[in-house]
Amino acid sequence: MKRRVFSNGIILILSFLLVFGILSLNEVYKNRQGYREKLIRFHVIANSDSLKDQALKLKVRDKIIESMNQKFEQSTSLEESREIIKNNLEEIEFYARQEIERQQSSYDVSVDFGNHNFPTKTYGSFTLPA
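Remember, this note's numbering sits 1413 above the position in the sequence shown when you count from 1.
Here is the structure:
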């Protein structure tokens, strides 16, 4: 597992992308046992709770998803998606930095792939447990 840490600022914790559709997620949620082994969560943490930093966080998230989407579309398994993430940590960091600069901010970036605690998160009518 590769870890890069830079000073304060936006921290990107990438336990990345790819949730194989709402139907499969609903099945995972119903069975809660082992859901951690069946999906990868992507989390961007803002520098603060300010409206400006929260808006920047969403722009960084969207930029990374847009930039990496083509690679993930070619993935055929969860393990392959994990490898895509591991092999592209520097590229993901580049896209995050690029968007931060484009938004005229100067926060540092840290990208990590690994096991992390996540809060319970609701997406519309679907909820992922912590």
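No residue lacks a Cβ here, since even glycine has one placed at the ideal position from N, Cα and C. This structure is a prediction, so every number in the text was calculated from the model and none was measured.
Buried/exposed call for residue 1523, threshold 16 Cβ in 10 Å: buried
field: Buried or exposed (CB count within 10 angstroms, at least 16 for buried), residue 1503
entry: With a threshold of 16 other beta carbon atoms within 10 Å, residue 1503 falls short and is exposed.
- prompt: How about residue 1458 and residue 1495: do their beta carbons lie closer than 8 Å?
  reply: no
- prompt: Going by beta carbon distance, what residues of the same chain come within less than 7 Å of residue 1480, once the five residues before and after it are set aside?
  reply: 1508
- request: Using three-state DSSP, classify residue 1541 as helix, strand or coil.
  value: strand
message: Please classify residue 1455 as buried or exposed, where buried requires at least 16 neighbouring CB atoms within 10 angstroms.
response: buried
- prompt: With respect to the beta strand (DSSP E) encompassing residue 1523, which residues constitute its N-terminal and C-terminal limits?
  reply: Residues 1521 to 1525.
query: Can you tell which of 1537, 1516, 1484 and 1473 has the C-alpha that lies nearest to the C-alpha of residue 1499?
result: 1484
message: Tell me which residue opens and which closes the beta strand (DSSP E) that residue 1458 is part of.
response: Counting along the chain, the beta strand (DSSP E) containing residue 1458 begins and ends at 1455 to 1458.
query: residue 1534 by DSSP, collapsed to three states: which one?
result: Secondary structure of residue 1534 (DSSP, three-state): strand.
task: Could you round the C-beta distance between residue 1387 and residue 1470 to whole angstroms and report it? I think they count as a contact, below 8 Å.
output: Residue 1387 lies beyond the residue range present for the chain, which begins at 1414 and ends at 1543; the question has no answer from this structure.
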